[in-house]
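Chemist:
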Amino acid sequence: MRLAIPHQQRMPLAIAALGFLFLGLFLLYPLFNVFSASVLDAEGEKFTLANYLKVLGRPFYRAAVTNTLAIGVVATLTTMLISVPFAFALARLPVPGKAVILALAAMPLVLPSFVSAYAIVLLLGRAGIVTQWLNAWGIGFGSIYGAGGIVLVYTLTLYPYVLLPTMAGFRAVDVSVEEAAQSLGSSPRRTLWTVTLPIVIPSILAGGLLVFIETLENFGVPFVLAEDMPIFAVEAFKLFIGETAPNPSSAGVLGVLLILTTAAVLLIQRRYLSARRFATGARAAPPILRAGLGLRIAAAVYCWTVVLLALVPFFAIVVLSFMEFRGPVLHPNFSLDNFRILFDRSMRPLLNTLMFATMAAIAVTLVGVPIAYVVTRVRSTLATVLDVVATLPFAIAGTVLAIGFVVSFNSGWLILTGGPLIMVLAYTVRKVPFAVRSSSAILHQIDPSLEEASISLGRSPLQTFARILVPLMLGGILSGFVLTWVTVASELSATVVLYSGPWRTLTVVMFQALESGGGGVATAAASTLIVVTLLPIALLYRLVRRYELS
418 MRLAIPHQQR
428 MPLAIAALGF
438 LFLGLFLLYP
448 LFNVFSASVL
458 DAEGEKFTLA
468 NYLKVLGRPF
478 YRAAVTNTLA
488 IGVVATLTTM
498 LISVPFAFAL
508 ARLPVPGKAV
518 ILALAAMPLV
528 LPSFVSAYAI
538 VLLLGRAGIV
548 TQWLNAWGIG
558 FGSIYGAGGI
568 VLVYTLTLYP
578 YVLLPTMAGF
588 RAVDVSVEEA
598 AQSLGSSPRR
608 TLWTVTLPIV
618 IPSILAGGLL
628 VFIETLENFG
638 VPFVLAEDMP
648 IFAVEAFKLF
658 IGETAPNPSS
668 AGVLGVLLIL
678 TTAAVLLIQR
688 RYLSARRFAT
698 GARAAPPILR
708 AGLGLRIAAA
718 VYCWTVVLLA
728 LVPFFAIVVL
738 SFMEFRGPVL
748 HPNFSLDNFR
758 ILFDRSMRPL
768 LNTLMFATMA
778 AIAVTLVGVP
788 IAYVVTRVRS
798 TLATVLDVVA
808 TLPFAIAGTV
818 LAIGFVVSFN
828 SGWLILTGGP
838 LIMVLAYTVR
848 KVPFAVRSSS
858 AILHQIDPSL
868 EEASISLGRS
878 PLQTFARILV
888 PLMLGGILSG
898 FVLTWVTVAS
908 ELSATVVLYS
918 GPWRTLTVVM
928 FQALESGGGG
938 VATAAASTLI
948 VVTLLPIALL
958 YRLVRRYELS
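Each residue of the sequence shown is one higher than the one before, counting from 418 in the working numbering.
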C-alpha cells in the first residue's frame, strides 16, 4: 500500500531531499574522504593510524597546532576587548554619526583580510614606509611578522563579528532589570558590570566564536605574516601540494584535526550557554543613557579611532598601488605601471573573479533560499538536521574542503578537477549558510497566515512560495546574494588549492605576486579587488534605499 503524502508537504520534502543530495555529495562526501585520507596508507589501500603518529610526533606540526590555537585565543580576546565598549557606545550612548560609524565598521567583513595583512607589511614591514620613517628619527620598531602581526590584522579585520551581535545584545536588554538593580542601591557602573554584561554574554560569545573559527581556517593572513612560524591552514596546504603519493594522508590528518578543533569549540560554547539562563523578556530597546559631555566625546573618539584604524590598511593599499615598485621595494613616485603590468598580462583573472562570484552567488541563492524555507517553516527532525548540515560549512576551513574536493573528484565517476565547475561548487557549498541565514531571518518576520490564505484560495505551495514569499523576502535574498558575491570574489583558501592555469582569480594573482616579490602587481590586484567587492555593496544600498527593501 502506498503512503499518501499530503499535498502541502510535497514541496518541503522535495526541497529537503534535493538539499540533502547536494550537501551530501559536495559537503559530506568530500569531508568523509578527508577523514579517510587521514587513516589510510600512502597508496590509499590499508587502514592505519601511523599518519597521526607521524604528524603529531613531529615538533613542527605540534607547534602548528599550538601556534594556531594561541593566536586564535589572543585574537578572540582582543576583538572582544575593543568591540564590547564599542558596541555599548553605539547601543546605549548618544554618539553622533552612529549610522556612518556602523556602516564603516562593517566594511572589514567584506574586504579581504589578507589584503590588510599585505598593507601592514608595506607600512610596518622591514622596508615599510612607517618603519623607514621611524628609523630616520632613530626610533626602533619591532618586527610585524609572526604572532603579533597576525593578531593585529585579525583584531582589525574581525572585530565586527563581535561588535554587531554584541550591539544587538545591548539593545535587547530589558531596561526594567537595570532599573530594579539601581533601585536596590546599585550604581550605574556596578549595574553595567553585574547585570547588563552578564545578560549580553551569549552575544559576545557568539561573536567571539566566529572570530576564533575564522582564525583557525584563515589562510591568507598567516601566509603573508607568519614567515617561518607554522600555522594550521598554511601547513595543510603545503603538505597537500608537496605530497606525491596517491593518498594525501598527512594533509588529511591536519584537516581532520582542524575540523575536530572547531567542533570542540562549538561544543564548549553550547554547553556553557545551555548551563546558564540569560533571557530577560525585553519588549523594546532600552533608552539612550544620559551622558556628560566628556563621556560623549570619549565615546565618539573611541568609536571613530577603531573604525579608522581598521580601514587604514585598505586605504593604504589603494594609495600605494599608484606608486612605483622595483620588485618588492617601494619608491614614492606616482605611477600607473602596476595596473598596466597587471592588465597587460591578462584581463582573464578579473573576468574569472567576476564570473565565479556571479555564478556562485546565483547557485547559493537557488540552493540556500529553498533550504531556508524548509528549516523555518517545517517543524521536524528532518528540518533540524538539514539546518545543521547547511550551517556546517561555517565551521569548515576552505583549505580542508578544497582538499576534500580534489580527493573526491580527481578520478572515478565524477571528475571535476582542472576546470571551473569544481571552484564554483566549492564556493557554493562554503557560502550556502549566508543565503540560509539571511533568508531565514526574513522568513521569521513573515506571518505564515499569508501562505495559508494563498493556499486556501487555490494556489499551490510552489506558486505561493514564488509569488508571495519571494517578493517579501527580497531584501534578505539580496543581502545573502551580495554577501556571497563579495566573499567569493575575495576567496583565497579554497581557490589556491582548486584553481588551474586558465582559471586564476585576482586573489591567486596577488598570492603568486607575493610569492615572487612582485609588490606592484600585488597592490594593483588588491586595489582592484577592493573596488570589485565594494561596488555590489553600494548597489545593494541604493536598491534598499530606492525600493525600501527590508
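For each residue, glycine too, the CB sits at the ideal point set by N, CA and C.
Just so you know, these numbers come straight off a predicted model, no measurement behind them.
May I have the straight-line CA-CA distance separating residue 696 from residue 686, to the nearest angstrom?
Modeler: As a position in the sequence shown, residue 696 is number 279, starting the count at 1. As a position in the sequence shown, residue 686 is number 269, starting the count at 1. Here the model assigns residue 696 a pLDDT of 49, short of 50, so the residue's position is not dependable and the matter cannot be decided.
Chemist: What's the C-alpha gap between residue 461 and residue 824?
Modeler: In the sequence shown, counting from the first residue as 1, residue 461 sits at position 44. In the sequence shown, counting from the first residue as 1, residue 824 sits at position 407. Cα-Cα distance, rounded: 11 Å.
Chemist: Give a yes or no on contact between the segment 856 to 869 and the segment 813 to 828, applying the rule of three or more CB pairs nearer than 8 Å.
Modeler: The answer is no - the segment 813 to 828 does not touch the segment 856 to 869, with fewer than three Cβ pairs under 8 Å.
Chemist: Buried or exposed for residue 755, please, with buried defined as at least 16 other CB atoms from any protein chain shown within 10 angstroms of its CB.
Modeler: Taking the sequence shown and counting its residues from 1, one reaches residue 755 at position 338. By the neighbour-count rule (16 or more Cβ atoms within 10 Å), residue 755 is buried.
Chemist: Would you check if there are 3 or more beta carbon pairs closer than 8 Å linking the segment 768 to 781 to the segment 870 to 879?
Modeler: Short answer: they don't touch.
Chemist: Just the C-alpha distance for residue 706 and residue 837, rounded to the nearest angstrom, thanks.
Modeler: Within the sequence shown, the letter at position 289 stands for residue 706. Within the sequence shown, the letter at position 420 stands for residue 837. For residue 706 and residue 837, the distance between alpha carbons rounds to 54 Å.
Chemist: DSSP puts residue 776 in a beta bridge; with which residues?
Modeler: Indexing the sequence shown from 1 puts residue 776 at position 359. Answer by DSSP bridge pairing: none, since residue 776 is not bridged.
Chemist: Are the segment 527 to 543 and the segment 718 to 736 touching, with three or more C-beta to C-beta distances below 8 Å?
Modeler: Cβ pair count under 8 Å is three or more, so yes.
Chemist: Where does residue 509 sit, in a helix, a strand or coil, going by DSSP?
Modeler: Indexing the sequence shown from 1 puts residue 509 at position 92. In this structure, residue 509 counts as helix in the three-state DSSP scheme.
Chemist: Can you tell which of 810, 789, 809 has its C-alpha closest to the C-alpha of residue 1005?
Modeler: Past the edges of the chain, shown from 418 to 967, lies residue 1005, and the structure says nothing about it.
Chemist: Is DSSP giving residue 652 helix, strand or coil here?
Modeler: Working through the sequence shown from its first residue, we reach residue 652 at position 235. The answer is helix: DSSP assigns residue 652 an H, G or I state.
Chemist: Sorted by chain position, which residues of the same chain lie with C-beta nearer than 7 Å to residue 945's C-beta, five sequence neighbours on each side aside?
Modeler: To locate residue 945, count along the sequence shown from 1; it is residue 528. Cβ within range, chain order: 767, 923.
Chemist: Which runs of the beta strand (DSSP E) spanning at least 3 residues fall entirely within the segment 934 to 963, listed in chain order?
Modeler: Segments of the beta strand (DSSP E) lying fully in the segment 934 to 963: there are none.
Chemist: Using a Cβ-Cβ cutoff of less than 7 Å, which residues in the same chain neighbour residue 648 once the five nearest sequence positions on both sides are dropped?
Modeler: Working through the sequence shown from its first residue, we reach residue 648 at position 231. Excluding positions up to five away in sequence, the list reads 481, 484, 485, 639.
Chemist: By the 10 Å Cβ neighbour count, where 16 or more other Cβ atoms means buried, how is residue 448 classified, buried or exposed?
Modeler: Taking the sequence shown and counting its residues from 1, one reaches residue 448 at position 31. Residue 448 should be labelled buried.
Chemist: Going along the chain, which residues of its own chain have a beta-carbon closer than 7 Å to the beta-carbon of residue 716, five neighbours each way excluded?
Modeler: The sequence position of residue 716 within the sequence shown is 299, counting from 1. Here the set comprises 506, 510, 512.
Chemist: Which one of 855, 611, 426, 490 has the shortest CA to CA distance from residue 569?
Modeler: Working through the sequence shown from its first residue, we reach residue 569 at position 152. Closest option to residue 569, Cα to Cα, is 490.
Chemist: Let me confirm a value: residue 413 is counted as buried when at least 16 other C-beta atoms fall within 10 Å, else exposed. Which label applies?
Modeler: This structure cannot speak to residue 413, because the chain is shown only from 418 to 967.
Chemist: If residue 907 and residue 940 are in contact, beta carbons under 8 Å, what's the gap, nearest whole angstrom?
Modeler: As a working note, residue 907 is residue 490 in the sequence shown. As a working note, residue 940 is residue 523 in the sequence shown. Going by Cβ atoms, the distance from residue 907 to residue 940 rounds to 15 Å, so no, they are not a contact pair.
Chemist: Taking residue 805 as the reference, which of 753, 436, 429, 431 has the closest Cα?
Modeler: Sequence index remark: in the sequence shown, residue 805 carries index 388 (1-based). Closest option to residue 805, Cα to Cα, is 436.
Chemist: Are the CB atoms of residue 814 and residue 900 within a distance shorter than 8 Å?
Modeler: For the purposes of this step, residue 900 is identified with residue 483 of the sequence shown, where counting begins at 1. For the purposes of this step, residue 814 is identified with residue 397 of the sequence shown, where counting begins at 1. No, they are not a contact pair.
Chemist: Thinking C-alpha only, which one of 626, 764, 749 is nearest residue 919?
Modeler: Here residue 919 corresponds to residue number 502 of the sequence shown, with the count starting at 1. The shortest Cα separation from residue 919 among 626, 764, 749 belongs to 764.
Chemist: Taking its Cβ as the centre, do 16 or more other Cβ atoms sit within 10 Å of residue 840, making it buried, or is it exposed?
Modeler: Position 423 of the sequence shown, counted from the first residue, corresponds to residue 840. By the 10 Å Cβ count, residue 840 comes out buried.
Chemist: Could you check which residue in 546, 817, 561 has the C-alpha nearest to that of residue 554?
Modeler: Numbered from its first residue, the sequence shown carries residue 554 at position 137. If we check each option's Cα against that of residue 554, 546 comes out closest.
Chemist: In angstroms, rounded to a whole number, what distance separates the CA positions of residue 630 and residue 492?
Modeler: Working through the sequence shown from its first residue, we reach residue 630 at position 213. Working through the sequence shown from its first residue, we reach residue 492 at position 75. C-alpha separation (whole angstroms): 11 Å.
Chemist: Entirely within the segment 872 to 935 and at least 4 residues each: give me those alpha helix (DSSP H) ranges in chain order.
Modeler: Here the runs fully enclosed are 878 to 881, 891 to 906, 912 to 915, 923 to 933.
Chemist: Which of helix, strand or coil does DSSP assign to residue 769?
Modeler: Position 352 of the sequence shown holds residue 769. Residue 769: helix per DSSP, three-state reduction.
Chemist: If residue 429 and residue 794 are in contact, beta carbons under 8 Å, what's the gap, nearest whole angstrom?
Modeler: What you label residue 429 is simply residue 12 of the sequence shown in a count that begins at 1. What you label residue 794 is simply residue 377 of the sequence shown in a count that begins at 1. Correct: roughly 7 Å between the Cβ atoms.
Chemist: Which of the three DSSP states, helix, strand or coil, is assigned to residue 740?
Modeler: Taking the sequence shown and counting its residues from 1, one reaches residue 740 at position 323. Here residue 740 sits in strand by DSSP.
Chemist: Compare the Cα-Cα distances from residue 989 to each of 895, 567, 456 and report the closest residue.
Modeler: Because the chain spans 418 through 967 in this model, residue 989 falls outside it and cannot be assessed.
Chemist: Please report the straight-line C-alpha distance between residue 852 and residue 898, rounded to a whole angstrom.
Modeler: By 1-based counting over the sequence shown, the position of residue 852 is 435. By 1-based counting over the sequence shown, the position of residue 898 is 481. Cα to Cα, residue 852 sits roughly 7 Å from residue 898.
Chemist: Span of the alpha helix (DSSP H) holding residue 764?
Modeler: Locating residue 764 in the sequence shown gives position 347, where the first residue counts as 1. Where residue 764 is concerned, there is no enclosing alpha helix (DSSP H), given that its DSSP letter is neither H nor E.
Chemist: Within a Cβ cutoff of 8 Å, which residues of the same chain sit near residue 818, ignoring the five residues on either side of it in sequence?
Modeler: Counted from its first residue, the sequence shown places residue 818 at position 401. Cβ neighbours of residue 818 beyond the five flanking positions: 444, 447, 448, 810, 843, 846, 847, 911.
Chemist: Taking 6 Å as the limit between beta carbons, can you name the residues of its chain near residue 735, skipping five residues before and five after?
Modeler: In the sequence shown, residue 735 corresponds to position 318, counting from 1. 944, listed in sequence order.
Chemist: Just to confirm my understanding: we take residue 708, look at its own chain, exclude 5 residues before and 5 after, and list those with CB closer than 8 Å. What are they?
Modeler: Counting from 1 along the sequence shown, the entry for residue 708 is found at position 291. Closer than 8 Å at the Cβ level, and outside the excluded window around residue 708, lie 510, 511, 716.
Chemist: Do you know how far the Cα of residue 653 is from the Cα of residue 585?
Modeler: Translated into the one-based positions of the sequence shown, residue 585 becomes position 168. Translated into the one-based positions of the sequence shown, residue 653 becomes position 236. The alpha-carbon atoms of residue 585 and residue 653 are separated by roughly 37 Å.
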